[in-house]
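The structure appears below as structure tokens.
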């Protein structure tokens with residue numbers, strides 16, 4: 035099942051399974067979200083919760099028990115409930131359940147709120163701790179933007195001049211190895227060679243937005259004001275680029291497997307609520 039929201043400029047379609055954005059079109063019918071071709075990658079814009087990336091041994095310990103969580107968590111593979119919808123907005127909800135408590139022993143509600151406003155789609159996250167103990171979690175976005183032309187005709191522009199050091203993955207975990215991106219006037223030309231070792235992972239950034247350029251023309255801007263970390267990723271020979279604002283990232287090999295000690299983790303006290311949002315602006 036999907037829900038369609040629209041305004042005079044844009045139309046967005048959200049799948050209830052995973053509350054996943056699967057389409058964002060202009061009124062000129064240009065599609066900005068990756069088609070989800072499973073030959074390369076069968077998703078469009080999954081929500082990453084309650085972890086981002088991979089845990090060491092895909093597990094963590096809590097109260098002398100071992101729990102197993104797969105890469106990027108379970109929210110992207112669960113059915114959300116549509117709890118409110120207007121012509122230009124939709125609110126989806128996922129609650130902890132007997133199924134989630136087996137792998138993540140914390141009571142929560144995750145709401146994802148999609149809102150269209152002029153040329154912008156806002157995607158807001160609201161995480162509530164409904165339990166009686168503090169709750170460790172990460173949350174992140176994973177939108178894949180369609181690149182219909184030759185991949186090398188695209189570039190990414192960072193909002194601010196800054197040294198762009200990213201961390202390399204080894205067996206899906208963050209290593210101590212880093213590389214620096216060559217940046218010319220805040221621009222990075224896209225090449226598949228950049229992603230031969232998987233995603234570019236930035237633990238911290240000064241920039242609060244990135245712009246995708248097509249043949250040097252800005253086409254789309256991703257705003258992520260309060261997200262501390264970011265991933266950029268594609269599959270070799272695939273016609274998309276993922277721009278991924280995150281609260282958290284994969285474990286390192288030195289991880290204690292205690293979520294409360296995990297790098298980048300958020301700790302939400304009982305009965306408290308975490309809120310954040312990012313937005314996609316069509317230029």
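Residue numbers (the numbering used here): 35 to 317.
All C-beta atoms in this analysis are idealised placements derived from N, C-alpha and C, irrespective of residue type, glycine included.
Please read all numbers here as calculations on a predicted model, not as lab measurements.
Alpha-carbon spacing of residue i relative to residue j, whole angstroms
i           : j           : result
residue 266 : residue 234 : 5 Å
residue 165 : residue 135 : 11 Å
residue 196 : residue 285 : 25 Å
residue 205 : residue 272 : 22 Å
residue 306 : residue 159 : 14 Å
residue 145 : residue 171 : 14 Å
residue 137 : residue 154 : 36 Å
residue 96  : residue 300 : 16 Å
residue 262 : residue 198 : 14 Å
residue 128 : residue 250 : 40 Å
Residues sharing a beta bridge with residue i, DSSP
i           : result
residue 65  : 59
residue 174 : 82, 280
residue 203 : 208
residue 248 : 188, 251
residue 125 : 118, 147
Buried/exposed call for residue i, threshold 16 Cβ in 10 Å
i           : result
residue 175 : buried
residue 270 : exposed
residue 54  : buried
residue 72  : exposed
residue 213 : exposed
residue 76  : exposed
residue 36  : exposed
residue 126 : buried
residue 104 : exposed
residue 93  : exposed
residue 163 : buried
Residue closest to residue i, alpha-carbon to alpha-carbon, out of the options
i           : options            : result
residue 111 : 81, 89, 61         : 81
residue 275 : 226, 201, 295, 286 : 226
residue 109 : 287, 85, 117, 98   : 85
residue 254 : 280, 230, 59, 98   : 59
residue 118 : 149, 102, 64, 131  : 149
residue 114 : 93, 99, 83, 88     : 83
residue 246 : 132, 299, 188      : 188
residue 208 : 298, 78, 302, 40   : 298
residue 49  : 66, 38, 42         : 38
N-terminal and C-terminal residue of the beta strand (DSSP E) that residue i is part of
i           : result
residue 278 : 274 to 281
residue 208 : 207 to 214
residue 40  : 36 to 40
residue 251 : 251 to 257
residue 313 : 307 to 316
residue 301 : 300 to 302
residue 75  : First-last for residue 75: undefined, no H or E at that position.
residue 45  : 44 to 49
residue 221 : 221 to 223
residue 88  : That residue, residue 88, is in no beta strand (DSSP E); it is neither H nor E in DSSP.
residue 162 : 154 to 163
residue 99  : 99 to 102
Any chain C beta carbon closer than 7 Å to residue i
i          : result
residue 45 : The chain inventory of the structure shown lacks chain C, comprising one protein chain alone.
Limits of the unbroken alpha helix (DSSP H) element including residue i
i           : result
residue 238 : Where residue 238 is concerned, there is no enclosing alpha helix (DSSP H), given that its DSSP letter is neither H nor E.
residue 133 : 132 to 135
beta-carbon residue i near the ligand FMN non-hydrogen atom, thresh 6 Å
i           : result
residue 266 : This structure simply doesn't include the ligand FMN, nor any ligand for that matter.
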